[in-house]
Every structure is written in C-alpha cells, then in structure tokens.
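Reading through the structure tokens given below for one structure.
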Amino acid sequence: DTAVSQTPKYLVTQMGNDKSIKCEQNLGHDTMYWYKQDSKKFLKIMFSYNNKELIINETVPNRFSPKSPDKAHLNLHINSLELGDSAVYFCASSQDVGGSYEQYFGPGTRLTVT
Amino acid sequence: SQQGEEDPQALSIQEGENATMNCSYKTSINNLQWYRQNSGRGLVHLILIRSNEREKHSGRLRVTLDTSKKSSSLLITASRAADTASYFCATAYHTGKLIFGQGTTLQVKP
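Going down the list, the sequences are from chains A and B. Using the working numbering, the letters of the first sequence correspond one by one to residues 34 to 147. Using the working numbering, the letters of the second sequence correspond one by one to residues 774 to 883.
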C-alpha cells in the first residue's frame with residue numbers, strides 16, 4: 034500500500050483556471066505538509082497541518098488554500114493559476130510536529146500552467 | 774534565510790568509489806535530515822541526526838554533524854549505479870519546519 038498518495042500525478046491547465054490537488058496518507062500520522070519544488074529543485078514548505086489545524090503558513094499567495102477534512106487528508110486548492118505556479122507539488126506527512134520526525138513524501142504532482 | 778547550502782552541486786563518480794556531500798546551515802537546529810530524490814520521484818528519508826549526536830550510520834551511509842561549524846556531511850561508501858539521485862539535507866527546527874538545501878546531484882557511472 035502506498036503510504037502517501039497524491040492525485041493527480043500530472044496537471045496541465047491554462048492561466049486563470051482553478052485546480053485542486055489531493056493528498057492522503059495511511060500511516061496514521063498527525064502532521065501533513067505541502068511543499069513546492071521549482072525547476073531548480075529548490076524545495077520550499079508551503080503549509081503544515083497537525084490534526085486538521087494549520088500550524089505553518091509560509092509566505093504563499095492567498096490564491097493557495099489548503100484544506101484538511103481529517104488528519105489523513107490534506108488537499109491544496111489553487112485559484113487563478115499563474116505561469117509561475119508551474120512546479121512539482123509534494124505532500125508529506127510525519128508522526129508529529131516539532132521537527133523531530135522524518136517526513137514521508139508523496140510522489141508529487143507536476144503542475145504545468147500554460 | 775535559514776536555508777542550508779550544499780556542496781558540491783553536482784558529483785560524478787565511478788561505481789565502487791565513495792561519494793561525499795556537505796551541507797552547511799546558519800542557525801541552531803533541532804536535528805538534520807538527509808533525503809534522496811530519484812528523478813521524477815518523491816523524496817525518501819535516509820538518516821536523521823539529532824543536534825546532540827556527532828555521527829550516525831545506516832548501511833553504506835555515514836552522516837556526521839558538527840554543530841560548532843554548523844555543517845554536516847553524507848558519505849556513501851562503495852557507490853552503485855542505483856545511488857544515482859539528488860541528495861538533500863534538511864535542517865529541522867523546533868517549530869516543525871524543515872528547511873531544505875538545494876541538493877547535490879550524484880551520478881554514479883557503471
């Protein structure tokens with residue numbers, strides 16, 4: 034069974050559209066994350082949720098809105114997509130907060146905005 | 774910026790050789806973690822070393838941490854073609870945030 038899964042794997046869309054990426058983990062972890070990896074492989078944290086509560090919210094445009102319906106799911110909705118949003122988005126989970134735990138990453142969603 | 778720096782950015786070696794990657798960071802950390810990313814895939818956790826530890830081993834991997842120099846190194850011994858990947862260090866803070874370096878791209882030639 035896949036520990037952290039994301040859908041879709043690829044997403045190609047036009048500027049101005051709204052899209053969502055879904056993430057699920059079956060590890061029983063309390064904390065989930067969204068990261069953005071740009072074309073230079075630079076990986077930056079966007080959001081973190083612990084037990085459905087937002088705990089890390091980096092400087093991200095408010096066009097990006099995470100939603101955690103339960104602690105096993107963390108979805109990312111993006112409004113009014115822009116060319117600069119093209120990147121690979123990774124979901125991850127860890128046992129708890131505090132930076133003391135390893136993170137488990139999903140396979141990534143490659144978003145291309147045209 | 775808390776972002777760490779990795780060195781070298783790219784490394785090409787022959788199978789059987791050892792590979793060493795270095796990571797430097799700027800502020801006090803909770804722990805430091807190393808991850809591997811194969812092309813087109815997600816990151817896989819390799820080793821976590823806590824701020825009060827100096828060295829850790831896992832199979833062919835050896836990680837050292839020098840908190841006085843704010844640096845860490847990852848040594849892969851007897852490399853294999855399958856070790857070809859990007860390797861990232863990530864510094865962890867009490868806030869739960871992981872800050873990733875820009876990675877070292879390792880190519881192991883058969």
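The beta-carbon is built from N, C-alpha and C at its ideal position, and this holds for glycine as well.
Backbone secondary structure at residue i - three-state DSSP
i                      : result
residue 855 of chain B : helix
residue 148 of chain A : Because chain A here runs from 34 to 147, residue 148 of chain A falls outside it and cannot be looked at.
residue 60 of chain A  : coil
residue 143 of chain A : strand
residue 867 of chain B : coil
Proximity to residue i [Cα-Cα], best of the options
i                      : options                    : result
residue 64 of chain A  : A:41, A:129, A:112         : A:129
residue 58 of chain A  : A:132, A:127, A:143        : A:127
residue 813 of chain B : A:146, A:140, A:144        : A:140
residue 795 of chain B : B:868, B:881, B:789, B:808 : B:808
residue 823 of chain B : B:840, B:811, B:810        : B:840
Closer than 7 Å: residue i CB and nearest the ligand COA heavy atom
i                     : result
residue 93 of chain A : Annotation note on the ligand COA: not contained in the displayed structure, which lists no ligands.
Alpha carbon of residue i to alpha carbon of residue j, nearest angstrom
i                      : j                      : result
residue 62 of chain A  : residue 101 of chain A : 13 Å
residue 81 of chain A  : residue 777 of chain B : 20 Å
residue 47 of chain A  : residue 115 of chain A : 8 Å
residue 71 of chain A  : residue 792 of chain B : 26 Å
residue 880 of chain B : residue 815 of chain B : 18 Å
residue 882 of chain B : residue 851 of chain B : 12 Å
Cβ of residue i within 8 Å of any chain A Cβ
i                      : result
residue 865 of chain B : yes
residue 859 of chain B : yes
residue 870 of chain B : yes
residue 827 of chain B : no
Chain B within 8 Å of residue i, Cβ atoms only
i                      : result
residue 92 of chain A  : no
residue 140 of chain A : yes
- Query: Is there contact between the segment 791-809 of chain B and the segment 109-129 of chain A, where contact requires at least three CB pairs shorter than 8 Å?
  - Reply: no
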